[in-house]
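Participant: Could you have a look at this structure, given as C-alpha cells, before my questions?
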Amino acid sequence: MCNKTKYDKFIKTTYVPIYSQPWWLDAICGKDNWDVWLYEKGGNILAAMPYYHEMRGSWRYITKAPLTQNNGIIFLHDKGSKLQKRASMEEKIIDAASKWLDEQSIDLYEQQYMHTFNNWQPFFWNGFKCVLRYSYIIEDTSDMERVKENFSAKLRNDIKKGERNTSSVEALDRDVFYAEHEKIFKKQDLPCPFSRDLWNRLFDACSEHNSGTTLCVKNHDNQISSLAYFVWDERYVYLLMGGSVPEFSNENTFSYLELKGIGLAHEKGLGFDFEGSMIKRIAKAFRDFGAVPTPYYRIRKIFNPDIIKMEAQQEINRLREV
C-alpha cells in the first residue's frame, strides 16, 4: 500500500487542516508533485508529513506550496495522554523525520507548521533553523456581540462606513473573481502571484468539497468594490485572499466584508484565522479585529552550501542598500 493510500486512512483518525488534505494538495501542487512521509509503529500511523517538492533550476526543494498556509508534521496523540508522553513521542517522530530528510538528496527543506505545533526543539537538535511568524486568530466566534466588543474604535467606524457604501454582498463566479482580484496587483504594477489555471483548480476543488466561497461587496453604483475568498475545515474559516478593488479602496468595504467572513465562521461554529502577515500595516489591521497574534514556525534546513552563499549575498546587498 503506497503512502498516499495510507494517508487517506490516517486523515480519518485525526484533525488535518484543509491545507494538508489530499484533494487540496492535488489541486495546488498537482498529483505528481506532492507526497507524504509517514511514521508507523506496530502497523499504526502515528504521524504524517505531507510535502510539496519542486525544482528551482538544478536545485531540489521541499517547500511551502502556493496558497498554502501550512503543512508540516501532523501527530496522532492518544486522547488524554500526558504532556511528557506527548513530548517524548514527538521527539522520536521529529528525529525520524529529520533523518529521512537528511537522506533525500534535497537542497533545501522549508515548511510552515500549523500554530498548534509548539515544540520545534527536536528540529533544532537535528540542525534545523526556525523563523517565527504570526497569524491572527479569533478562536471563539460563538457570540458575535462579544467578538465585536473587541474591535478597535477605528475599525468600528471603518465597518460603519463600509456598510453605508454597500449595496449587496454576494458570491462571484470563478472567472470574474480572478479578473477583479488581479486588479489589486495591477494597480501596484505587480503580476498576480498565482496563475488563473492554479486558481481554477483550487476553486473547483473547494467547490467540490464544500470548503470555500467567494464573497464580494457591490457598491451603490453596482461596482465590485472589495472581494475575498474564504476556505474552511473542521476548526477554522480562513481568509485565503482578498482586498479592496483599488479605485474603491476609500469606501472601506473590505473591513465590512471581513466581518462577513467572521460571521461565516460564527454560522459554522468555527474559529476565524486571518492567516496573518508580517507586514506592519496588515498586522495592525488584523489586530483591530481583536484577533490574537498567534505564533507559528517556519522550519528550514539548507543542505546545499551554494544556497547559503546565495542567501548571504542577498543579505549583504540588502545592507549595502540601507
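Mapping to the working numbering: the sequence shown position 282 is 268, numbers consecutive.
Using N, Cα and C, we set each Cβ at its ideal position, and we do this for glycine too.
1) Exposed or buried, asparagine 30, counting other C-beta atoms within 10 Å across all chains shown (16 or more means buried)?
2) Which one of Lys254, Tyr224, Val278, Asp144 has the shortest CA to CA distance from proline 3?
3) In this structure, how does DSSP classify proline 177 when only helix, strand and coil are distinguished?
4) Between the alpha carbons of asparagine 112 and glutamine 97, how many angstroms are there, rounded?
5) From the DSSP output, in three-state form, read off valine 223 for me.
6) Between glycine 247 and aspartate 126, which are expected to be in contact by the criterion C-beta below 8 Å, what is the C-beta distance as a whole number of angstroms?
7) Please state the DSSP three-state secondary structure of serine 197.
8) Closest to tyrosine 242 by CA distance: which of Glu149, Lys(-8), Arg182 is it?
9) Does the structure place the segment 67 to 74 close enough to the segment 31 to 44 that three or more beta carbon pairs sit under 8 Å?
10) DSSP three-state call for isoleucine -3: helix, strand or coil?
11) With respect to the alpha helix (DSSP H) encompassing cysteine 15, which residues constitute its N-terminal and C-terminal limits?
12) Kindly indicate which three-state DSSP category phenylalanine 61 falls into: helix, strand or coil?
13) Going by DSSP, what residues sit across from threonine 280 in a beta bridge?
14) In the DSSP output, what is lysine 115 paired with across the bridge?
15) By the three-class DSSP mapping on this structure, what secondary structure does alanine 82 have?
16) For the alpha helix (DSSP H) containing leucine 250, name the first residue and the last one.
17) Would you say the beta carbon of leucine 201 is closer than 8 Å to some non-hydrogen atom of the ligand SAM?
18) Count the other CB atoms within 10 Å of the CB of glutamate 194; is the residue buried (16 or more) or exposed (fewer)?
19) What does alanine 34 pair with, by DSSP beta-bridge criteria?
20) Alpha carbon to alpha carbon, how far is tyrosine 222 from isoleucine 338? Give it in angstroms, no decimals.
21) Does the beta-carbon distance from lysine 204 to serine 197 come in below 9 Å?
Facilitator: Let me spell this out:
1) On the sequence shown, residue 30 is found 44 positions in, with the first residue counted as 1. The residue in question, asparagine 30, is exposed, as its Cβ has fewer than 16 Cβ neighbours within 10 Å.
2) Within the sequence shown, the letter at position 17 stands for residue 3. If we check each option's Cα against that of proline 3, Tyr224 comes out closest.
3) Sequence index remark: in the sequence shown, residue 177 carries index 191 (1-based). The answer is coil: DSSP assigns proline 177 none of H, G, I, E or B.
4) By 1-based counting over the sequence shown, the position of residue 112 is 126. By 1-based counting over the sequence shown, the position of residue 97 is 111. Between asparagine 112 and glutamine 97, the C-alpha separation is close to 15 Å.
5) To locate residue 223, count along the sequence shown from 1; it is residue 237. It is a strand residue.
6) In the sequence shown, the residue the question calls residue 247 occupies position 261. In the sequence shown, the residue the question calls residue 126 occupies position 140. Not a contact, Cβ separation roughly 15 Å.
7) Taking the sequence shown and counting its residues from 1, one reaches residue 197 at position 211. Reduced to three states, the DSSP call for serine 197 is coil.
8) Mapped onto the sequence shown, residue 242 falls at position 256. Tyrosine 242 has its Cα closest to that of Glu149, out of Glu149, Lys(-8), Arg182.
9) Segment contact: the segment 31 to 44 against the segment 67 to 74, fewer than three CB-CB distances shorter than 8 Å; contact not assigned.
10) What you label residue -3 is simply residue 11 of the sequence shown in a count that begins at 1. The three-state reading of DSSP puts isoleucine -3 in coil, since its state is none of H, G, I, E or B.
11) Your numbering for residue 15 matches position 29 in the sequence shown. Its alpha helix (DSSP H) spans residues 8 to 15.
12) Taking the sequence shown and counting its residues from 1, the one referred to as residue 61 is at position 75. In this structure, phenylalanine 61 counts as strand in the three-state DSSP scheme.
13) For this step, residue 280 is matched to residue 294 along the sequence shown. Answer is Ser121, bridged to threonine 280.
14) Position 129 of the sequence shown, counted from the first residue, corresponds to residue 115. Beta-bridge pairing links lysine 115 to Arg286.
15) Walking along the sequence shown from the start, residue 82 turns up at place 96. Here alanine 82 sits in helix by DSSP.
16) In the sequence shown, counting from the first residue as 1, residue 250 sits at position 264. Residues 239 to 254.
17) Here there are no bound small molecules, and the ligand SAM is not part of this structure.
18) Here residue 194 corresponds to residue number 208 of the sequence shown, with the count starting at 1. When all chains shown are included, glutamate 194 counts as exposed.
19) Residue numbering aside, residue 34 sits at position 48 when the sequence shown is read from its first letter. Its beta-bridge partners are Leu24, Ile60.
20) Beyond the ends of the chain as shown, which are -13 and 308, falls residue 338; an answer cannot be given.
21) For this step, residue 204 is matched to residue 218 along the sequence shown. For this step, residue 197 is matched to residue 211 along the sequence shown. With respect to the 9 Å criterion, lysine 204 and serine 197 are not classified as neighbours on the basis of their beta carbons.
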